[in-house]
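This report concerns only the one structure given below.
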Amino acid sequence: MSTKRCYYETLEVERDADETKLKAAFRKLAMKWHPDKNPGDASSEVKFKEINEAYEVLRDADKRAAYDRYGHAAFEQGAGGPHGFGAGFASSFSDIFEDLFGMAGQRRGGTGRERGADLRYNMEITLEEAFQGKTAQIEIPVSVTCESCSGTGAKAGTKPKTCAMCGGAGRVRQAQGFFTLERTCPGCHGRGQMIEDPCPSCSGSGRVTRDRTLSVNIPQGVEDGTRIRLAGEGEAGLRGGPPGDLYIFLSLSQHEFFQRDGADLHCRVPISMVTAALGGEFEVPTIDKGKTKVKIPAGAQSGRRFRIASKGMPVLRSRQTGDMYVQIVVETPQNLTKKQQELLAEFEKLSSGATQPEAAGFFTKVKDFFGKAAS
Ligand SMILES: [Zn+2]
Ligand SMILES: [Zn+2]
369 MSTKRCYYET LEVERDADET KLKAAFRKLA MKWHPDKNPG DASSEVKFKE
419 INEAYEVLRD ADKRAAYDRY GHAAFEQGAG GPHGFGAGFA SSFSDIFEDL
469 FGMAGQRRGG TGRERGADLR YNMEITLEEA FQGKTAQIEI PVSVTCESCS
519 GTGAKAGTKP KTCAMCGGAG RVRQAQGFFT LERTCPGCHG RGQMIEDPCP
569 SCSGSGRVTR DRTLSVNIPQ GVEDGTRIRL AGEGEAGLRG GPPGDLYIFL
619 SLSQHEFFQR DGADLHCRVP ISMVTAALGG EFEVPTIDKG KTKVKIPAGA
669 QSGRRFRIAS KGMPVLRSRQ TGDMYVQIVV ETPQNLTKKQ QELLAEFEKL
719 SSGATQPEAA GFFTKVKDFF GKAAS
């Protein structure tokens with residue numbers, strides 16, 4: 369079925385070879401046939417691939433069992449191999465190498481630099497502040513260079529010693545056959561120095577936590593939940609890594625009489641029954657700390673809204689402004705004097721349906737309703 373060489377033959381091992389033997393055999397052959405060691409020799413590359421493929425299968429107990437049972441057919445794509453392992457050997461080359469030579473993590477580790485953590489700061493502001501925008505001073509704890517030891521981490525009067533393991537480079541090179549691996553020095557964790565007498569202020573870390581005052585510009589029109597990112601104002605990075613970012617999470621406190629709806633502001637104003645009936649004028653406060661007049665026509669019903677253009681909130685990062693809506697709520701008078709009661713009773717006597725349009729309409733409907741029910 370397949371002209372491929374037997375995996376065991378490829379790796380030059382017995383069929384019952386254990387993991388250690390497989391690994392040793394693979395390592396020996398991979399070294400021998402590695403393309404870097406055989407420049408210009410195309411056949412060595414083919415051989416190298418075969419070796420990798422064989423090892424990839426045999427190192428995996430499941431794949432090995434399938435291979436022992438079905439041979440190469442177990443892995444042929446589309447041929448209905450019973451386990452469907454498929455190809456993808458090339459992609460796992462690196463895994464094998466990392467596994468074999470203990471390189472895992474080292475590549476990503478790079479120079480041992482680490483970006484500092486992002487910080488979150490919650491800030492509550494008032495609606496007026498969101499309207500005007502403001503510059504807020506905030507105090508955030510940040511790690512800074514320790515002053516006692518100037519960041520060396522060594523106790524005053526002593527000096528950190530150059531790391532003997534890496535000679536101060538922070539990196540060590542290891543020869544693995546023809547590979548040379550470079551990784552963070554395990555002795556000094558990349559610092560290049562060893563501290564024998566740690567600084568008491570920072571416990572040898574070279575960094576201390578301090579409160580730092582920052583100015584934050586809150587633009588006009590921010591909303592509840594707006595996030596402001598201050599790039600690079602997060603925690604300091606490690607070993608020369610970049611700092612993280614600082615995020616200000618804004619929340620708006622409830623206003624005494626304004627409700628916000630996007631850029632519009634709403635407020636409810638109670639008015640007397642008489643003002644509603646006769647019409648009138650009253651003043652309402654505006655978010656810009658000013659006042660504006662609202663004219664009520666005679667006979668205005670409770671719940672009616674009056675729009676005051678451009679007295680709402682600014683729209684974030686635009687020149688637009690929302691509107692303000694004043695909703696009137698007609699209040700029923702309470703605790704009437706005898707005289708007031710008499711006057712109202714008198715008023716009621718003089719009233720006809722025309723003075724109460726909604727009631728008139730309603731009672732007509734009720735009449736119709738019972739009329740229909742009866743018939
Ligand atoms: Zn210190
Ligand atoms: Zn070192």
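Just so we're aligned: the sequence shown equals residues 369 to 743 in the numbering used here. All C-beta atoms in this analysis are idealised placements derived from N, C-alpha and C, irrespective of residue type, glycine included.
Just checking residue i against ligand 2 - is the residue's beta carbon closer than 6 Å to any of the ligand's heavy atoms?
i	result
G555	yes
M533	yes
Determine the closest residue to residue i out of the options, with distance taken between C-alpha atoms.
i	options	result
G439	I419, P610 and Y376	Y376
R580	I696, L495, T513 and K372	T513
H623	T494, K502, R488 and D430	T494
D629	K679, S640, Q669 and A668	K679
A392	W401, Q505 and V381	V381
Q505	V584, Y693 and A422	V584
C553	R539, Y435, G612 and P566	R539
V652	I586, Q695, R597 and Y435	Q695
A532	F547, C556 and C517	C556
S621	E591, C570, P403 and A644	E591
A485	I655, E418, E603 and D736	E603
R687	F499, E515 and L712	F499
F547	S516, H402 and G739	H402
A645	Q627, I639 and G667	G667
A537	E497, G558, A543 and A727	G558
L684	L711, I596, P610 and F738	I596
Q669	K661, A677, V642 and I676	V642
S619	T594, P610, A713 and I639	T594
E515	T503, R578, E497 and E482	R578
For ligand 1, I want to know if residue i counts as a neighbour, meaning its beta carbon is within less than 6 Å of at least one of the ligand's heavy atoms.
i	result
S511	no
S686	no
S412	no
S569	yes
S516	yes
Starting from residue i, follow its DSSP beta bridges and name the residues at the other end.
i	result
A504	V584
V652	T660
N406	Paired residue(s): none; N406 is not in a bridge.
V697	P638
M562	K529
A543	T548
Y615	R488 and R597
I493	L620
S511	T577
T643	T643 is not bridged to any residue.
Where do the N-terminal and C-terminal ends of the beta strand (DSSP E) with residue i fall, by residue?
i	result
S640	D632 to S640
R437	Careful: R437 lies outside any beta strand (DSSP E), inside the alpha helix (DSSP H) at A429 to Y438.
S518	No beta strand (DSSP E) contains S518, which DSSP labels as neither H nor E.
D629	Q627 to D629
R675	R673 to I676
For the alpha helix (DSSP H) containing residue i, list its first residue and its last residue.
i	result
E710	K706 to L718
R395	E387 to W401
Y378	The sequence given here places Thr at residue 378; Tyr does not occur at that position. Run containing T378: Y375 to T378, per the alpha helix (DSSP H) assignment.
Below 6 Å CB to CB, which residues in the same chain sit around residue i once its five sequence neighbours on both sides are set aside?
i	result
P725	none
Q588	G501 and P682
A599	D613
V510	R580
D656	none
F731	none
E418	T378
I676	T660 and M692
Please work out which residues of its chain come closer than 8 Å, Cβ to Cβ, to residue i, disregarding the five sequence neighbours upstream and downstream, and give them in chain order.
i	result
D632	G680, M681, G690, D691, M692 and Y693
Q708	P701
L390	L379, V381, Y423, L426 and R427
Y489	I506, I508, L614, Y615, I616 and F617
K659	E651, V652 and P653
M399	K405, G545 and F546
G519	T513, G574 and R575
C635	F625, F626, Q627, V652, M692, Y693, V694 and Q695
Short of 7 Å in beta carbon distance, which residues of its chain neighbour residue i, apart from the five on each side in sequence? Order them along the chain.
i	result
D463	Because the pLDDT at D463 is just 41, under 50, the model does not fix this residue reliably, and the value given afterwards should be weighed accordingly. Closer than 7 Å at Cβ, skipping near neighbours: no residue.
C521	Looking at the sequence provided, one finds Gly at residue 521 rather than Cys. If we look at G521 and ignore the five residues flanking it on each side, its Cβ neighbours are P528, I563, P566, C567, C570, G572, S573 and G574.
C534	V540, C553, G555, C556 and G560
K372	H440
E492	S619 and S621
K415	W401
Taking 7 Å as the CB-CB limit, is residue i close to chain D?
i	result
D486	The structure shown contains no chain D; it is built from a single protein chain.
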